[in-house]
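Novice:
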Amino acid sequence: MEEIVIVFTIAYALVSLCFVAPPREFVSAGLTVQNILSGYLGSEDMDVVGYHLKRTTSTVLLHSLLPLGYYICLGLVSPRLQLFDPARAGLSANICLLACLSIALGGAVCARYWSWNKWSHHPFAKLLLKHGSPWRAVASSVNIEFRRITKFSSIIGGTSLYITDSWIIRCSAYKIDIAHQPDVHLSIIHAEDHAISHESSVAVQFLNIKVSSITPGVKPFVIRLNSTDYGDLREKLQAPIRNARNVVIHQSLSDKFIEAFKEQVAQNDSYHLQDGEEEPEPCIGCMQAPANIKLQKLCASAGEGQCVPCYCRPMWCIDCMGKWFASRQDQHQPEGWLASTSPCPTCRAKFCILDVCLVGR
Ligand SMILES: [Zn+2]
Ligand SMILES: [Zn+2]
Ligand SMILES: [Zn+2]
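Right, here's the structure in full:
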């Protein structure tokens, strides 16, 4: 074989591979299907369903053209192969041409079929139909929730995962999976520990979580995420995540602490609103959860110990108070955090975990 053919083949294979499974450098240079076609695809935030209907279809079509592109470019690079003259090109070249044409044709037929009748043949539209009819009504409710900034999102490689208030959406190159949160069971099936990831230079753990829906016709799918996002994921989910195989999760230090913090606070006495005191306002930390924490010195009687009474009204939620508490600790000695103290975020009065009370009615 000519040297140029080998060099060209390797170069084309590499470029195609980067196009199909783009490494970070490609993504940041904007060389992805999404970026090249951004004008056609529209805004993902405004119309997530329409965007992914078009994106998956264009991806199938573009990828199916890659082998034919190779054949044509090879014919141009090496005219001696006479690839454009089937009578002289030889049997193997003809078989290759036929295969490339079939793949391209298959891609075009698939794309045309999916987009037929305003996308109603697309597998994603059919999946939405399983959740309610007509599928466009389901799509618009998904779109509305997707616009909220409170959704959870995680992108690993070419796959993105979104969790809105009631939907779990996983988008890969050709396929979209979606499940309605109230109808799903989640279970951790596997954890992969990587000593060093190519994205950053620290040890990472990826969790594979199976999402099984009780909605008829919705097949289970597996979502994958970095274990440091596990705390955020759980916060966004309505259902608990089962860990039947007792996978050891490498949560971030503060997630682990907040779990223990909440456990302790749940055992403390709660604070009862007095007559005339108003219902809790939204937490001033996250503006989401109600401010349901009141600091009261309960750990020792008045004048004893190092804690000081705080007279602030409830302004923080338990998560934000936990994060605040964790942020005031010695980051090198997490074992001591639960027994330690922190200043009140507003009046700076010193408190310990025993003084953190949930606001009750
Ligand atoms: Zn908060
Ligand atoms: Zn205070
Ligand atoms: Zn105290």
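Under mature numbering (1 follows the signal peptide of the UniProt record, and there is no 0), the letters of the sequence shown match residues -18 to -1, 1 to 343, in that order. Heads up, the beta-carbon is just placed ideally off N, CA and C, and yes, glycines get one too.
On the three-state DSSP scale, how would you describe residue 192?
Specialist: strand
Novice: Going by the CB atoms, is the gap between residue 299 and residue 334 shorter than 8 Å?
Specialist: No.
Novice: By the DSSP assignment, the beta strand (DSSP E) with residue 325 in it spans what residues?
Specialist: 323 to 325
Novice: Below 7 Å, is the gap between the Cβ of residue 329 and the nearest heavy atom of ligand 2?
Specialist: yes
Novice: Would residue 194 pass as a contact of residue 172 if the rule is Cβ separation under 8 Å?
Specialist: No, they are not a contact pair.
Novice: Nearest by alpha-carbon distance to residue 274: which of 316, 339, 332 and 67 is it?
Specialist: 339
Novice: In whole angstroms, what is the alpha-carbon distance linking residue 212 and residue 2?
Specialist: 28 Å
Novice: Alpha carbon to alpha carbon, how far is residue 324 from residue 336?
Specialist: 12 Å
Novice: Which full runs of the beta strand (DSSP E) of 3+ residues lie inside the region 283 to 340, going along the chain?
Specialist: 323 to 325 and 332 to 334
Novice: Can you tell which of 186, 342 and 93 has its C-alpha closest to the C-alpha of residue 157?
Specialist: 93
Novice: Which of the three DSSP states is assigned to residue 71 in this structure?
Specialist: Residue state, collapsed to three classes: helix.
Novice: Determine the extent of the beta strand (DSSP E) in which residue 237 is found, giving its start and end residues.
Specialist: Segment 235 to 249 is the alpha helix (DSSP H) holding residue 237; no beta strand (DSSP E) there.
Novice: With DSSP run on the structure shown, which of helix, strand or coil describes residue 114?
Specialist: In the structure shown, residue 114 sits in coil (DSSP, three-state: anything other than H, G, I, E or B).
Novice: Quick one: what's got a C-beta closer than 6 Å to residue 117's C-beta in the same chain, skipping five residues either side?
Specialist: Excluding the 5 residues flanking it on each side, residue 117 has same chain C-beta neighbours closer than 6 Å at 107, 110 and 111, in chain order.
Novice: Apart from the five residues just before and just after residue 27, which ones in its own chain have a Cβ nearer than 8 Å to its Cβ?
Specialist: 128 and 129
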